[in-house]
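Protein chains in written order, with the UniProt record's numbering: chain A, 1 to 447; chain B, 1 to 241. We put the beta carbon where it would ideally sit given N, CA and C, even for glycine. Worksheet for the structure shown next.
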Amino acid sequence: MVDSARDRGKSKGGGKMNEEISSDSESESLAPRKTEEEEEEELEETAQEKKLRLAKLYLEQLRQQEEEKAEARAFEEDQVAGRLKEDVLEQRGRLQKSVAKEIQAPAPTDIRVLRGHQLSITCLVVTPDDLAIFSAAKDCTIIKWSVESGRKLHVIPRAKKGTQGQPPGHSSHILCMAISSDGKYLASGDRSKLILIWEAQSCQHLYTFTGHRDAVSGLAFRRGTHQLYSTSHDRSVKVWNVAENSYVETLFGHQDAVAALDALSRECCVTAGGRDGTVRVWKIPEESQLVFYGHQGSIDCIHLINEEHMVSGADDGSVALWGLSKKRPLALQREAHGLHGEPGLEQPFWVSSVAALLNTDLVATGSHNARVRLWQCGEGFRQLDPLFDIPLVGFINSLKFSSAGDFLVAGVGQEHRLGRWWRIKEARNSVCIIPLRRLPAPPVAGS
Amino acid sequence: MPKAGASAGARGSRGAIKQSRRMAGDQPKDTSDMSFEELLELQSRGGPKACKQVVAGRSPEKQSPKPVCVADKHRPLEMSAKVRVPFLRQVVPISKKVARDPRFDDLSGEYNPEIFDKTYQFLNDIRAKEKELVKKQLKKHRSGKEHERLQQLLHRMEQQEMAQQERKQQQELRLALKQERRALAQQGHRPYFLKKSEERQLALAEKFKELKRSKKLESFLSRKRRRNAGKDRKHLPLSNE
């Protein structure tokens, strides 16, 4: 009886016993054979034998599961696999390192102030290797600073309007700048509808892109490429190829002047629509756009946190976190920088700049209430919790994190970067480097 | 059937193997594994439509109403990025105020004087009260601009009242005629309809009777003659002498 049970087990696997039978007759012989076996089972199997067979089956299954688990664990511990996983998560926008909790508030003396511009700083960029900072101001100059020493490495002076045959430069307010992810090209856009391309290392002028019909208000390079996205007050988004000095295409959709633009490694860019009230994600290969609503005021600044989430700030003081699958913000923080004005006529401070550390949950916002506020994004970007404030007097017109997350650079001015509604005399037009120290990781218990 | 019995017993032991046989009474997914007897049974039981359904697969009614996912409502709007935004564009959503004149609106329906008077009967009381008010006001102001204004107002009100009375009388007349006609028709006579000119003559006759009663016939006739004379004089050729 026990032998018959074992035999049946083997025939179920369809193994050695059927090898000698020819392939043609196999199907025919199996079917009647099975019925015969069933009838045998019906008659001869007792309860104990059945129990025995089932127990053996169960053990077999357990053994298989344990083997699979061991395999999976081995794979996880592999370094290459870990790296690949990270890359996939990054592409999908789900990579998130929680560094916000570890950041310490810097002491006021640690903040380095680099002065050199004569008028308010409007925008700045940090080179991808974290060694230099480019800053542009309302005096139409661009200055390259060294992060370590704080000295000016290069100054691109203002060009006089009209007359030809001069060193190239801007003749009107520079509203935006962008640097490519390999640190080769620097692009800057100004109010006279021009985009100037410079070589970042030597600050030599390379090309000029004309085509926009109004002030250029946003620039961003696509990560890993030399494709440049630009937007302007003429409500269009243009795609350029800097390496080939060519224009690619134009995209339409905004109803009013666009205020800012940002892009990561996908062939997508995101724009802040200003008075339009919309944030739009432009899918360039598909030539379509996704429209998001949620702010009440004019959306002035936007920054991508990872491939799927972004943070924006508006002039009604609200800061919002967005995800690509929901048309409304995932998290909205009103009056992020407080209120000012006479009692009874209080107005929220405008949020003039936002920045986010790539693939983490740390967000910084700046306004003109004499502080830069750092926030932590909650689980799934559904919450925005304030961490601490960094005291900094003036209009924080631009904020950028370094690629490694070691420091935060703030471009400070006496006036707002887009106009002269207020003037803070106590402020100094400067680039401030704020070091972000991390708390040492607590020792693992039991090691 | 021995086949079904065997399968029932063996199912417990062959949990892993896909069950191709089924119990009698299960709805088959496929006609391929049904015997001829079962096919005939299905046909006789469900009729040709059920048979066709099983043969064709799932019925179309099950496929068409796709459940609308609630999450789709929250997705951002996807639009083409190549369509130029027109010059006259909507930056802020404004709802245009649509002006409606109830006199020319289809929603107000057709004007039916009888129904109108019946539904707005309550206005007569209000009008009477207002007239009383104006009379009282008139007692206060006996001369001057205010007096003139009030006089005119009172006159207007009275004239409106008289016009309403006239309208009412005409309606009653018309109704009476209609009823007469209906009665005659019922009795068996052929229904006859008056011409408009004949109706006007009848109304004129009624008016004469009324005027005679109130003894205003003479003044009315003289005024009428004067007006007609004036009109006729206009049509005469102009004489230079």
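Less than 8 angstroms between the CB atoms is what I'm expecting for residue i and residue j, so what's the real figure, rounded?
i: A:SER171; j: A:LYS161; result: 4 angstroms
i: residue 516 of chain A; j: A:VAL354; result: Residue 516 of chain A is absent from the structure shown; chain A starts at 1 and stops at 447.
i: A:LYS138; j: A:GLY116; result: Going by Cβ atoms, the distance from A:LYS138 to A:GLY116 rounds to 14 angstroms, so no, they are not a contact pair.
i: A:SER325; j: B:ARG103; result: About 52 angstroms; that fails the 8 angstroms criterion.
i: A:ALA178; j: A:ALA220; result: 5 angstroms
i: A:LEU439; j: A:ASP406; result: Not quite, the Cβ-Cβ distance comes to about 14 angstroms (not below 8 angstroms), so this is no contact.
i: A:SER352; j: A:ASP316; result: Incorrect: roughly 13 angstroms between the Cβ atoms, too far for contact.
i: A:VAL291; j: B:LEU77; result: 5 angstroms
i: A:LEU131; j: A:VAL147; result: 6 angstroms
For residue i, which residues of its own chain have a beta-carbon under 7 angstroms away from its beta-carbon, when the five flanking residues on both sides are left out?
i: B:ASP26; result: Model confidence at B:ASP26 stands at a pLDDT of 49, short of 50, so the residue's coordinates are unreliable and nothing is read from them.
i: B:GLY230; result: none
i: A:ASP129; result: GLY183
i: B:LEU88; result: none
i: A:SER120; result: ALA137, LYS138, PHE395, ASN397, GLY413, GLN414, GLU415, ARG417, ASN429
i: residue 465 of chain A; result: The displayed coordinates of chain A run from 1 to 447. Any statement about residue 465 of chain A would go beyond what the structure contains.
i: A:HIS173; result: THR122, LYS138, CYS140, ASP190, ARG191
i: A:ASP276; result: HIS254, GLN255, ASP256
Keeping to the same chain, check which residues put their C-beta closer than 6 angstroms to that of residue i; ignore five residues upstream and five downstream.
i: B:SER35; result: none
i: A:SER181; result: PRO128, ARG223, GLY224
i: A:ALA257; result: HIS233, GLY274
i: A:VAL113; result: SER430, CYS432
i: A:ALA105; result: PHE388
i: A:SER447; result: Its pLDDT being 45, under 50, A:SER447 is placed unreliably in this model, and the coordinates cannot settle the point.
i: B:MET23; result: Model confidence at B:MET23 stands at a pLDDT of 49, short of 50, so the residue's coordinates are unreliable and nothing is read from them.
i: A:PHE209; result: ILE195, TRP240
i: B:GLN137; result: LEU150
i: A:VAL393; result: ALA370, GLU426, ALA427
i: A:PHE252; result: SER236
Determine the extent of the beta strand (DSSP E) in which residue i is found, giving its start and end residues.
i: A:ASN397; result: 395-401
i: B:ALA203; result: Not the beta strand (DSSP E): B:ALA203 falls in the alpha helix (DSSP H), residues 196-214.
i: A:ARG266; result: That residue, A:ARG266, is in no beta strand (DSSP E); it is neither H nor E in DSSP.
i: A:ARG280; result: 278-283
i: A:TRP375; result: 371-377
i: A:GLY323; result: 319-323
i: A:SER135; result: 132-137
i: A:ILE302; result: 299-306
i: A:ALA124; result: First, the residue type needs correcting, since residue 124 of chain A is Leu and not Ala in the sequence shown. A:LEU124 -> beta strand (DSSP E) spans 121-126.
i: A:GLN204; result: 204-209
i: A:PRO391; result: 384-391
i: A:ASP190; result: 185-190
i: A:GLY169; result: Per DSSP, A:GLY169 belongs to no beta strand (DSSP E) and is neither H nor E.
i: A:GLN289; result: 288-293
i: A:ASN241; result: 236-241
i: A:TRP145; result: 142-146
i: A:TRP198; result: 195-199
i: A:ILE434; result: 430-435
i: A:ALA314; result: 309-314
i: A:VAL99; result: Element bounds for A:VAL99: n/a, residue is neither H nor E.
i: A:VAL412; result: 407-413
i: A:LEU418; result: Here A:LEU418 belongs to no beta strand (DSSP E), and DSSP marks it neither H nor E.
i: A:LEU114; result: 112-115
Cβ of residue i versus every heavy atom of the ligand GTP: is any distance shorter than 8 angstroms?
i: A:CYS123; result: This structure lacks the ligand GTP; in fact it carries no ligand of any kind.
For the alpha helix (DSSP H) that residue i lies in, which residues bound it at each end?
i: A:TYR58; result: 47-77
i: B:ARG223; result: 217-235
Closer than 8 angstroms by C-beta to residue i: which residues in its own chain qualify, once you throw out the five before and the five after it? Chain order, please.
i: A:GLU346; result: LEU339, HIS340
i: A:GLY419; result: none
i: A:LEU261; result: CYS176, SER217, GLY218, LEU219, ALA220, TYR229, SER230, THR231, VAL237, CYS269, VAL270, THR271, ALA272, ILE302
i: A:ASN306; result: GLU90, GLY93, ARG94, LEU95, GLN96, LEU264, LEU358, ASN359
i: A:ARG158; result: ASP139, CYS140, THR141, GLY169, HIS170, SER171
Handout entry: Segment contact flag, the stretch 52-62 of chain A with the stretch 235-255 of chain A, C-beta cutoff 8 angstroms, min 3 pairs
Key = no
Exercise for the section: Answer yes if the stretch 208-228 of chain A comes into contact with the stretch 191-198 of chain A, meaning at least three C-beta pairs across the two stretches below 8 angstroms, and no otherwise. Expected result: The way I'd put it, the stretch 191-198 of chain A does touch the stretch 208-228 of chain A; three or more beta-carbon pairs between them come closer than 8 angstroms.
Exercise for the section: Please go through the stretch 94-151 of chain B and give each complete alpha helix (DSSP H) segment of 4 or more residues, from N-terminal end onward. Expected result: Runs found: 113-119, 122-140.
Handout entry: Cβ contact (3+ pairs, closer than 8 angstroms) linking the stretch 338-351 of chain A and the stretch 285-293 of chain A
Key = no
Handout entry: Touch test, the stretch 311-321 of chain A against the stretch 375-390 of chain A, Cβ-Cβ under 8 angstroms, three pairs minimum
Key = yes
Exercise for the section: Assess, as a yes-or-no matter, whether the stretch 139-157 of chain B is touched by the stretch 183-198 of chain B under the definition of 3 or more beta carbon pairs within less than 8 angstroms. Expected result: no
Problem - Touch test, the stretch 108-119 of chain B against the stretch 354-368 of chain A, Cβ-Cβ under 8 angstroms, three pairs minimum - result: no
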